[in-house]
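So for the sequence shown, the working numbering puts the first residue at -10; every next one is plus one.
For reference, the structure discussed in these notes is given below.
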Amino acid sequence: MPAWRTISLWMDQLDEPLTARPALEQDLDVDVAIIGAGYTGLWTAYYLKKYAPGLDIAIVEAQTAGFGASGRNGGWLMGNLLGEDRLLAGLSPQQRRASFDLLHSIPDEVEVVLEREGIDCDYRKGGVLYCAARYPEQEASLREYLNKLHAQGLTDDDYRWLNPEQLAQQIRVAKPYGGIFAPHVATIQPAKLVRGLARTVQGMGVKIYENSPVTHWQSGSLRTDKASVRSRWIVPAIEGYSVTLPPLGRYQLPVQSLIVATEPLSAATWDEIGLSRGQAFSEFSRQVTYGQRSADNRLIFGARGGYQFAGQLRHNFDLTQDEVELRRYLFGELFPQLKNTTITHAWGGNLGMSRHFKPHMLCDRANGIALSGGYGGEGVGASNLGGRTLADLILERDTELVHQPWVLPDGGIHALRAWEPEPCRWLGYNAIIKSFVHEDQTLANPATAPWRRKLASRVAGFMEGFMH
């Protein structure tokens, strides 16, 4: 038996027992049928009911609300969208600024709903710290990143450079080279958010059926083992689980991210570390790390996981010793005083990755299908934007949301770019990740010769280009 609990800390902290709602037992006829009671499905239902209370909406969930990524993530509620720089590059400066403002407002929109509906999920808008904190090359990468952001019309009010002394006012890492602060990020307790949303939409009249895996879906209908649902609109809101409902798996690959949580740390330890306002933080490497200080004073820390051949879902999240120790090593490099701290929880989840790493929101009116996904690990915030956008598309509300470059107005699902067939995907993914690991190991060793450091970074940067 591992020394840590293998359930998501967030689910483990819930006061309520995870008792499933009744399964779908009888055929239904509704206006909107949503597959999946995660963030995307629940936000879509929420805004549909808010704008059109008379709609008859049913959500059909394979497990329980929040079982997937919505109850397993790192708790970053970001005012961002994956690949936003590429998506917005073709807009005029004024349009680009308006789109950035829309994205940056996501945490504030969520906060409005939390207050209106009485959902307590430890919301703290403390911003995010991207830190150059393990090797000097991170400073050069961060400065280049900041220059690109400012070239797009963003300012210090959006992304601001912090020298080591300024960084130390918010977070104290062992080897500070500098960092970027952005205010448009909040941290939350994600399971409390998804469970609270489920209760809220149920109170608005949305029917939620749990333990009801959908076995088949098409325009106008879906089926489980026990019953069928006919509907004008079908919203498959399953993101990282798209492989379970063909043909969606062609367009979204499940990849895994893995997280650990320490025991609650003392006030003295947090005085040494900082993070006093609920800030999110990351050390800027291709390991894709993310962390926060939980409301009960634990360090929550995650990093990139893996990809399984043929896009298979990972069902067993009993993390191996090596998977846990890699994350301990990474946070121990930042905070040496935590190297031997007890880890109480280690878990992971499947998330959806679209080809070219482009999120998408689409509405196929002819076939009655609306879809939002491809969040690439940034879905806590992006799903709120997705739910609002799908509601506007379905209800034909002419808002700024439906005119964004990530909204696909034509072509339906087939407008999405499909992933390459196996074994190309698996070979490509693993070659790219190996180059990332080699780069990180090379740069983290201060004794590595300068030419080796440059070569490792060039190779990793070249390989990363294949992801876009």
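Glycine included, C-beta positions come from ideal geometry on N, C-alpha and C.
Please return the same chain residues whose Cβ sits closer than 6 Å to the Cβ of residue i, not counting the five positions on each side in sequence.
i           : result
residue 264 : 160, 282
residue 136 : none
residue 351 : 360, 397
residue 200 : 9, 12
Ordered along the chain, which non-local residues of its own chain (more than five positions away) have a Cβ less than 8 Å from that of residue i?
i           : result
residue 238 : 231, 232, 300
residue 388 : 381
residue 377 : 32, 36, 98, 390
residue 384 : 37, 40, 41
Going by CA-CA distance only, name the one from the options that's closest to residue i.
i           : options            : result
residue 414 : 124, 353, 250, 243 : 243
residue 212 : -4, 446, 15, 0     : 15
residue 223 : 234, 206, 216      : 206
residue 148 : 93, 65, 199, 257   : 93
residue 139 : 385, 117, 312, 85  : 85
residue 359 : 324, 208, 268      : 208
residue 355 : 111, 312, 153, 401 : 401
residue 99  : 370, 268, 225      : 370
residue 49  : 220, 202, 298, 245 : 202
residue 76  : 68, 88, 331        : 88
residue 130 : 457, 454, 446      : 446
residue 4   : 41, 185, 70, -7    : 185
residue 45  : 51, 72, 19, 52     : 19
residue 260 : 229, 157, 79       : 157
residue 291 : 181, 276, 128      : 276
residue 235 : 199, -7, 407, 416  : 407
residue 393 : 216, 403, 80, 418  : 80
residue 101 : 316, 373, 444, 215 : 373
residue 55  : 246, 296, 227      : 227
residue 455 : 246, 150, 181, 416 : 416
Determine the direct distance from the alpha carbon of residue j to that of residue i, and round the result to whole angstroms.
i           : j           : result
residue 293 : residue 43  : 43 Å
residue 429 : residue 82  : 36 Å
residue 448 : residue 132 : 20 Å
residue 329 : residue 155 : 28 Å
residue 343 : residue 24  : 19 Å
residue 193 : residue 22  : 15 Å
residue 220 : residue 26  : 17 Å
residue 179 : residue 440 : 43 Å
residue 285 : residue 111 : 10 Å
residue -5  : residue 204 : 28 Å
residue 287 : residue 17  : 45 Å
residue -1  : residue 162 : 26 Å
residue 450 : residue 437 : 18 Å
residue 267 : residue 368 : 19 Å
residue 63  : residue 405 : 28 Å
residue 323 : residue 433 : 12 Å
residue 325 : residue 70  : 33 Å
residue 375 : residue 29  : 7 Å
residue -8  : residue 124 : 31 Å
residue 332 : residue 183 : 25 Å
residue 348 : residue 215 : 33 Å
How far does the alpha helix (DSSP H) with residue i in it reach, from first residue to last?
i           : result
residue 320 : 310 to 323
residue 263 : It is not in any alpha helix (DSSP H) - residue 263 carries neither H nor E in the DSSP assignment.
residue 181 : 179 to 192
residue 134 : 126 to 140
I'd like the list of long-range same chain contacts for residue i, defined as Cβ closer than 7 Å, with 5 residues on each side in sequence excluded.
i           : result
residue 452 : 420, 421, 424
residue 96  : 66, 68, 114, 173, 174, 175, 370
residue 153 : 165, 166, 167
residue 327 : 251, 288, 320, 321
residue 253 : 285, 286, 287
residue 302 : 230, 232, 243, 339
residue 53  : 7, 9, 199
In terms of residue numbering, what span does the beta strand (DSSP E) encompassing residue i cover?
i           : result
residue 175 : 174 to 176
residue 207 : 205 to 207
residue 29  : From DSSP, residue 29 is part of no beta strand (DSSP E) but of the alpha helix (DSSP H) over 28 to 40.
residue 17  : 17 to 24
residue 333 : 332 to 343
residue -1  : Run containing residue -1: none in the beta strand (DSSP E); it sits in the alpha helix (DSSP H), -2 to 1.
residue 350 : 349 to 353
residue 112 : Segment: none, residue 112 is in no beta strand (DSSP E) and carries neither H nor E.
Is there a Cβ of chain C sitting closer than 8 Å to that of residue i, yes or no?
i          : result
residue 15 : Protein chain content of the structure displayed is limited to a single chain, and chain C is not contained in it.
Counting beta carbon pairs with one atom in the region 336 to 354 and one in the region 300 to 313, are three or more of them shorter than 8 Å? yes
Taking one C-beta from the region 180 to 189 and one from the region 104 to 118 each time, how about it: are there three or more such pairs within less than 8 Å? Result yes; three or more Cβ-Cβ pairs closer than 8 Å.
At least three beta-carbon pairs within less than 8 Å, the region 2 to 9 to the region 20 to 38: no
Could you check whether the region 116 to 127 touches the region 270 to 278, counting it as contact only if at least three pairs of C-beta atoms, one from each stretch, sit closer than 8 Å? Contact between the region 116 to 127 and the region 270 to 278 is present, because at least three Cβ pairs lie under 8 Å.
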